[in-house]
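Take a look at the structure below.
In this note's numbering, the protein residues as written are 39 to 111.
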């Protein structure tokens, strides 16, 4: 087993809390984030994230085939 599998995926907990709050309220707002290294998890499906690329925010709509990838990809 590789070390990266033992450590688990990197998830920004502040971002996860924001998405869970939106899921509980059944809202689909754009969520601003600077966490490009955050791994996309199934809770993020259907949400739009404004990901900062160093200059401006780029909108990223998360679909099912993006799970497991990073927000900055």
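C-beta: ideal position from N, C-alpha, C; glycine also. Since this is a predicted model, take the numbers as computed values, not measurements.
Annotated as proximal: residue 98 and residue 87, with beta-carbon spacing under 8 Å. In the DSSP annotation of this structure, the continuous segment of the beta strand (DSSP E) that includes residue 88 starts and ends at 86 to 90. Annotation: residue 93 to residue 72 spans about 11 Å, alpha carbon to alpha carbon.
With fewer than 16 other Cβ atoms from the protein chains shown falling within 10 Å of its own Cβ, residue 68 counts as exposed. The C-alpha of residue 82 is placed about 10 Å away from the C-alpha of residue 60.
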